[in-house]
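So the protein sequences, as listed, match chains A and B. Using the working numbering, you'd call the opening residue of the first sequence number 1456 and step up by one each time. Using the working numbering, you'd call the opening residue of the second sequence number 881 and step up by one each time. Each residue gets a CB set at the ideal place from its N, CA and C atoms; glycine is no exception.
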Amino acid sequence: MIEEPYRWVEAIANRAEYIETQLAAGSPIVALGYRDGILFLTLGKTRQKLFEIYDRIAMGAIGHPGDIERLRMAAIELASTEGFTRSAADVSLRRLAHYSLSPILKTAFEQVYGAPYLARLVFAEIGAKQENDLFLRLDYDGAIATNSGNFAQTRQDFGALSGTRQSTELMEKYLAAEHSAGATFERALRLGLDAWTVGHLALGDAGVKDLPARDKILAERKERLRAAGIEAAVLERDDKTAIRYRALTEPEIRSGLGD
Amino acid sequence: MDAAQGGAGSDDFVGLLRRMGHMSPTGPIGPMAMPADKIPQTQATTILAFKFQGGVLVAGDRRATAGNTVVYDRADKVLEIDRHSIMAIAGVPATAWEMARVLEHSFQFFRRTQLQEMSVDGKVRALSKLLRDNFGFVLQGAGIVVPIFATYDSGADPAARLYFYDAMGAQFEVADYAATGSGSPAVRGILYYENNWGKKPLAKLSEDEAVTVALRALDTAAESDTATGGVDRNAKIFPVIKIVSRDGITTLPEKRIAAVFKRRVA
């Protein structure tokens, strides 16, 4: 049936709708550039959602664990072989996403007889200076969004990922208004948590459409923290060691939040 | 890429390199054309390692030779593999450095894909496998590597650990000290003597005392072995000394080695 172009378009639209439904409940992930690095933060119950890809690259993902795992492995394999055959400096997130992961996702998405990836990813790569930090979001159809600035768009020092477009956009709106690149670690941690809460409030059919009031964010954040734990990791700018990724421990997160 | 296309994820970096065509399938072990007595048995260099109060000290001279010629005076034969592991090499640099690189990437690859650190046994075995795969080259008269491996085991029984290998990949864990390379007979003698009849056993030495022993041993090795650089007093080239402990790896700054040398060796 899908030999006809119209049918193909219809099949693709159906599958996009199916994937969106599957991803809709995904817990948001925030990546924030701050003074000394990049912070990844999300709330979750059990499953790990933040991962190290290579020396300077980290990934956060929502979706089906099996699909996330396959994409994570692909990213690590590509980065590791590149880092081995050339050098760690030649491993770049831009190339990884544009030339390898995006085509893999697009191919799987459009071949309607095969299974698509039920996953949405956010990556960050730490640069020598803050203006070199790269944030990149990769969708199930291979679409890429980055933080890079040009004359039409100001550069952003963050990346956001959520189950729905509405939630992602609201998080971005919140961060664009509240976040500044020079933030301290403590400030980034609190802001990341607030941005997560905004994203969470916007999920679902009854989700908020506009930025919620401050007290509403605080109340929701308190409520959510009762049911789930914070998962956080950093990419450190300090170049004493080659490997910049570090998962944060619970005491570190607690003391950062001033609990 | 295979993983993305539906294959099961692999934790084996060497296997991945072979799949991608970045490494030959296996070592070229085959019929040997060279009589056994022509196989080079010496590895021109001296490296040593011993346990002391602060962990494991690993030291290596800086000379690289080709036959009778000194080709390089600042070779680094004590290589960091990860935050807690050091591989020190005697043998053919091209093969040894490549092995160190494969090893370094293997450990990181395992940690990243499997979301846990490779065990010390796993790491020790990984190097053993590389040596075994390389043995064909050794039989053909090229590429012999005889390393020492030092690491900190933060597992159930936390302790600094020290291993030496033979060219075929057999690994031996040692309690006190290890030495390899052409200058090692002299060094082994000194370390044995120090450990048994010195002022205190090696394991009780402070950092300064340990550095002193290492420098004296390398200088002694260089005295009779032309392939060992020892301490170059004119050009001020000192051995590389690194220490593995619970806190990771410390590379002693040249200034500090020079100070100990001036006070207690020169």
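Neighbourhood of His1454 of chain A by C-beta distance below 7 Å, restricted to the same chain and skipping five residues each side: What the structure shows of chain A is the stretch from 1456 to 1714, and residue 1454 of chain A is not part of that stretch, so it cannot be assessed.
Straight-line gap, Leu1658 of chain A to Thr1476 of chain A (C-alpha atoms, nearest Å): 12 Å
Neighbourhood of Lys1003 of chain B by C-beta distance below 7 Å, restricted to the same chain and skipping five residues each side: Excluding five sequence positions before and after Lys1003 of chain B, the CB atoms of its chain that fall closer than 7 Å to its own CB belong to Ser965, Phe987, Thr1031, given in chain order.
7 Å Cβ cutoff, Pro911 of chain B in contact with chain A: Caution is warranted here: a pLDDT of 49 is assigned to Pro911 of chain B, below 50, making its placement in the model unreliable, and the coordinate value is therefore given only provisionally. No, Pro911 of chain B lies away from the interface with chain A (no Cβ there is under 7 Å from its Cβ).
Within-7 Å CB hit, Phe1564 of chain A to chain B: When Cβ-Cβ separations below 7 Å define contact, Phe1564 of chain A makes no contact with chain B.
Given 8 Å, three or more beta-carbon pairs between the region 1499-1516 of chain A and the region 1566-1585 of chain A: yes
Amino acids of chain B, ordered along the chain, whose beta-carbon sits closer than 8 Å to that of Thr1536 of chain A: Within 8 Å Cβ-Cβ: Leu896, Leu897, Met900, His902.
Phe987 of chain B at chain A interface by Cβ criterion, 7 Å: So, not an interface residue.
Any C-beta of chain A under 7 Å from that of Arg992 of chain B: yes
Cβ contact check for the region 1004-1015 of chain B and the region 978-987 of chain B: 3 or more pairs under 8 Å: yes
Test item: CB-CB of Asp1099 of chain B and Gly1110 of chain B under 7 Å: Yes. Within cutoff.
Residues that Val1054 of chain B bridges to, as DSSP identifies them: B:Leu1042
Nearest residue (CA-CA) to Gly934 of chain B, options B:Ile969, B:Ile1137, B:Ile1123, B:Arg954: B:Ile1123
Leu1673 of chain A burial status per 10 Å Cβ neighbour count (16 or more: buried): exposed
Chain A residues whose Cβ lies nearer than 7 Å to that of Arg1126 of chain B: Within chain A, no C-beta atom comes nearer than 7 Å to that of Arg1126 of chain B; the closest sits roughly 17 Å away.
Where His1655 of chain A falls, given that 16 or more other Cβ within 10 Å makes a residue buried: buried
Limits of the unbroken beta strand (DSSP E) element including Tyr1461 of chain A: Segment 1460-1478 is the alpha helix (DSSP H) holding Tyr1461 of chain A; no beta strand (DSSP E) there.
Close-in-space but distant-in-sequence residues of the same chain around Asp1530 of chain A (CB under 7 Å, 5 per side omitted): The displayed chain sequence assigns Ala, not Asp, to residue 1530 of chain A. Excluding sequence neighbours, Ala1530 of chain A sits near Ile1508, Met1514, Leu1551, Leu1556.
Exposure of Gly1409 of chain A, with buried meaning 16 or more beta-carbon neighbours within 10 Å: Coverage of chain A is limited to positions 1456 through 1714, which leaves residue 1409 of chain A absent and any answer about it impossible.
Alpha-carbon to alpha-carbon, Leu1494 of chain A and Pro1081 of chain B: 48 Å
Own chain partners of Gly1499 of chain A with C-beta closer than 8 Å, once the 5 adjacent residues on each side are dropped: Excluding sequence neighbours, Gly1499 of chain A sits near Ser1482, Ala1683, Gly1684, Glu1686.
Where the alpha helix (DSSP H) containing Glu823 of chain B begins and where it ends: For chain B, the structure presents residues 881 to 1146; residue 823 of chain B sits outside this window and is missing.
Boundaries of the alpha helix (DSSP H) in which Phe930 of chain B is found, first to last residue: Looking at the DSSP string, Phe930 of chain B is not in any alpha helix (DSSP H); the run it does join, the beta strand (DSSP E), is 927-932.
Unbroken alpha helix (DSSP H) run spanning Met1048 of chain B, endpoints: Neither: Met1048 of chain B is in no alpha helix (DSSP H) and is coded neither H nor E.
Phe1495 of chain A at chain B interface by Cβ criterion, 7 Å: no
Any chain B beta carbon closer than 7 Å to Glu1458 of chain A: Chain B, which has no Cβ nearer than 7 Å to the Cβ of Glu1458 of chain A, makes this no.
Touch test, the region 926-945 of chain B against the region 889-902 of chain B, Cβ-Cβ under 8 Å, three pairs minimum: No, the region 926-945 of chain B does not touch the region 889-902 of chain B.
Any chain B beta carbon closer than 7 Å to Ile1672 of chain A: Output row for Ile1672 of chain A: interface = no.
Cβ separation of Ala1102 of chain B and Gly1061 of chain B, assumed to be a contact under 8 Å, to the nearest whole Å: Incorrect: roughly 11 Å between the Cβ atoms, too far for contact.
Whole-angstrom distance between Gly1128 of chain B and Tyr1595 of chain A, CA atom to CA atom: 41 Å
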